[in-house]
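Below: the structure, in structure tokens.
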Amino acid sequence: MSYYSNLDNIFEQARRTIDYKGKVNFVQNLLPNGKMESYEWVAINPTRIDKKLGSFRINTTSGKWADFATGDKGGDLISLYAYLKGISNYKAACEIMGAEPKRKKY
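Going by the numbering used here, the first residue of the sequence shown is number 306, and it counts up by one from there.
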């Protein structure tokens, strides 16, 4: 795994990686127990006790997502990945690309 330190490009390159994999495939891999409704992936939110499909939706065109039961939401699939994994958007972008975040020098 390589180290990634260019903050200006990390998010754009992570978005390109997602686009290359396909947004629908990317979301289906993150949330396999869902279904497509028009252009939205509807899934059970694994970060809380959720038993029914319906309130957790991901727009597979724009990448925007929301859990209408909790008010949690985000503007792209990087933030969705971060939310589901409980990590920062920066670390999520690095993981999506298969790179290690830059370590601080002490």
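Where is the CB? At the ideal position from N, CA and C, for every residue including glycine.
**Asked** In this structure, does DSSP put Ile383 in helix, strand or coil?
**Response** DSSP places Ile383 in helix when its eight states are reduced to three.
**Asked** In three-state terms, what does DSSP make of Tyr309?
**Response** Here the model assigns Tyr309 a pLDDT of 48, short of 50, so the residue's position is not dependable, and the following value carries that caveat. Look at Tyr309 here: in three-state DSSP terms it is strand.
**Message:** Taking the straight line between their C-alpha atoms, what separation do you get for Cys399 and Lys378?
**Reply:** Rounded to whole angstroms, Cys399 to Lys378 spans 21 angstroms at the Cα level.
**Request:** Let me know if Gly368 comes out buried or exposed under the rule of 16 or more other beta-carbons within 10 Å of its beta-carbon.
**Result:** Per the 10 Å Cβ criterion, buried.
**Request:** Answer yes or no: do Val347 and Phe331 have a C-beta to C-beta separation smaller than 8 angstroms?
**Result:** It is not a contact, given that the beta carbons lie outside the stated cut-off.
**Request:** Confirm, please, whether the CB-CB distance from Ile363 to Glu345 is below 8 angstroms.
**Result:** Contact annotation: Glu345 and Ile363 have beta-carbon atoms nearer than 8 angstroms.
**Asked** So what does DSSP say about Ala374, is it helix, strand or coil?
**Response** Coil, per DSSP.
**Asked** Could you give the residue range of the alpha helix (DSSP H) that holds Ile401?
**Response** Here the alpha helix (DSSP H) through Ile401 covers 394-402.
**Message:** Per DSSP, what are the beta-bridge partners of Ala319 in this structure?
**Reply:** Note: Ala319 sits in no beta bridge, so no partner.
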